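**Student:** Just dropping this structure here.
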Amino acid sequence: AQSVTQPDIHITVSEGASLELRCNYSYGATPYLFWYVQSPGQGLQLLLKYFSGDTLVQGIKGFEAEFKRSQSSFNLRKPSVHWSDAAEYFCAVGAPGTYKYIFGTGTRLKVLA
Amino acid sequence: NAGVMQNPRHLVRRRGQEARLRCSPMKGHSHVYWYRQLPEEGLKFMVYLQKENIIDESGMPKERFSAEFPKEGPSILRIQQVVRGDSAAYFCASSPREDGEQYFGPGTRLTVT
């Protein structure tokens, strides 16, 4: 069965510091992988996605993620965090060709000024 | 191109009442998905609909919950005889095709008192 684990429930970083949010998945083959961001009271916005090809994926707002098959991971990174990045981040997995996404429980990011 | 619209954004119902949540997909999207987000949890798939058809309702509770996506008008998620455990955020997503990228609406936050 597919599953997604986001080991960090809360992360606090200082503005300008680098950021890495972890995501590990369980799936028999290479899944579709996604990172979404949810600001308070808002819906989910897609940051980036991986379907196939280059394992380093560039997204919006300066985010990137790297798919590592050997580690079953799809970690999200940003070199320099801005205060407006404070939000909750969800990693999601989908079987190729299907529509059911499995979401992780989220990582809440706090940014210190 | 307007995004996915959901209304109401906030809904308060007393136990035993009915809740009706609406979702208008993005223009050109004929695939609609409903997800539920309980406090401190990730989103959980509930149901997948195309126009006038329920394709997959495997994530929907067997009783009290129903969904429709009529030929004209928005998709409706209906919860009859609400209970406190139904309090959650309900998100709708739409896609131009079954295995396409899903775009999420802002959600409806249901509170049952």
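In the order they appear, the protein sequences are chains A and B. The opening position of the first sequence corresponds to residue 3 in our numbering, with each subsequent residue numbered one higher. The opening position of the second sequence corresponds to residue 8 in our numbering, with each subsequent residue numbered one higher. Don't be surprised by glycine CBs; every beta carbon is placed ideally from N, CA and C. Model, not experiment: these values are computed from the prediction.
#1: Our contact map puts residue 25(A) next to residue 86(A) with C-beta atoms below 8 angstroms; I'd like the distance itself, whole angstroms only.
#2: Quick one: grab the DSSP three-state call for residue 54(A).
#3: Taking the alpha carbon of residue 23(A) as the point to measure from, which residue in 7(A), 97(A), 98(A), 29(A) has its own alpha carbon closest?
#4: Please name the residue in 17(B), 47(B), 86(B) whose C-alpha comes closest to that of residue 27(B).
#5: Given 8 angstroms as the limit, is there contact between the segment 79-93 of chain A and the segment 88-96 of chain B, that is, 3 or more CB pairs closer than that?
#6: Run the CB neighbour count on residue 58(A), radius 10 Å, all protein chains shown included, and call it buried at 16 or more, exposed below.
#7: With the cut-off set at 8 angstroms, would you say residue 34(B) and residue 42(B) are in Cβ contact?
#8: Who are the neighbours of residue 30(A) on chain B, taking C-beta pairs under 8 angstroms?
#9: Out of 119(B), 118(B), 120(B), 112(B), state which residue places its alpha-carbon closest to the alpha-carbon of residue 29(B).
#10: Assign residue 47(A) to one of three DSSP states: helix, strand, or coil.
#11: With a threshold of 8 angstroms between beta carbons, is residue 105(B) in contact with chain A?
#12: Would you tell me roughly how many angstroms separate the C-alpha atoms of residue 44(B) and residue 115(A), rounded to the nearest one?
#13: Whole angstroms is fine: what's the gap from residue 80(A)'s alpha carbon to residue 98(A)'s?
#14: What in chain B is Cβ-close to residue 92(A), meaning under 9 angstroms?
#15: When the Cα atoms are used, what is the spatial distance from residue 90(A) to residue 62(A)?
#16: Taking Cβ to Cβ, would you say residue 4(A) is nearer than 8 angstroms to residue 29(A)?
**Tutor:** Looking at the atomic coordinates:
#1: Position 23 of the first sequence, counted from the start, is the residue given in the question as residue 25(A). Position 84 of the first sequence, counted from the start, is the residue given in the question as residue 86(A). Their Cβ separation, rounded to whole angstroms, is 22 angstroms, which puts residue 25(A) and residue 86(A) out of contact at 8 angstroms.
#2: Locating residue 54(A) in the first sequence gives position 52, counting from the first residue. Coil, per DSSP.
#3: Taking the first sequence and counting its residues from 1, one reaches residue 23(A) at position 21. It is 7(A).
#4: Position 20 of the second sequence, counted from the start, is the residue given in the question as residue 27(B). Checking every option, the nearest Cα to that of residue 27(B) belongs to 86(B).
#5: The segment 79-93 of chain A is not in contact with the segment 88-96 of chain B.
#6: By 1-based counting over the first sequence, the position of residue 58(A) is 56. With fewer than 16 Cβ atoms within 10 Å of its Cβ, residue 58(A) is classed as exposed.
#7: Locating residue 34(B) in the second sequence gives position 27, counting from the first residue. Locating residue 42(B) in the second sequence gives position 35, counting from the first residue. Not closer than 8 angstroms, so no.
#8: Translated into the one-based positions of the first sequence, residue 30(A) becomes position 28. Annotation: residue 30(A) has no Cβ neighbours in chain B at a cutoff of 8 angstroms; minimum Cβ distance is about 17 angstroms.
#9: Translated into the one-based positions of the second sequence, residue 29(B) becomes position 22. Residue 112(B) holds the alpha-carbon nearest to the alpha-carbon of residue 29(B) among 119(B), 118(B), 120(B), 112(B).
#10: Indexing the first sequence from 1 puts residue 47(A) at position 45. Looking at residue 47(A) - three-state DSSP - the assignment turns out to be strand.
#11: Start at 1 with the first residue of the second sequence, and residue 105(B) comes out as number 98. At a cut-off of 8 angstroms between C-beta atoms, residue 105(B) counts as an interface residue with respect to chain A.
#12: The count along the second sequence starts at 1 and reaches residue 44(B) at position 37. The count along the first sequence starts at 1 and reaches residue 115(A) at position 113. Between residue 44(B) and residue 115(A), the C-alpha separation is close to 30 angstroms.
#13: The sequence position of residue 80(A) within the first sequence is 78, counting from 1. The sequence position of residue 98(A) within the first sequence is 96, counting from 1. When rounded, the distance between both Cα atoms is 27 angstroms.
#14: Sequence index remark: in the first sequence, residue 92(A) carries index 90 (1-based). Those within 9 angstroms of residue 92(A) in chain B are 49, 50.
#15: In the first sequence, the residue the question calls residue 90(A) occupies position 88. In the first sequence, the residue the question calls residue 62(A) occupies position 60. Going by the C-alpha atoms only, they are around 16 angstroms apart.
#16: Residue numbering aside, residue 4(A) sits at position 2 when the first sequence is read from its first letter. Residue numbering aside, residue 29(A) sits at position 27 when the first sequence is read from its first letter. By the CB criterion at 8 angstroms, residue 4(A) and residue 29(A) fall inside the cutoff.
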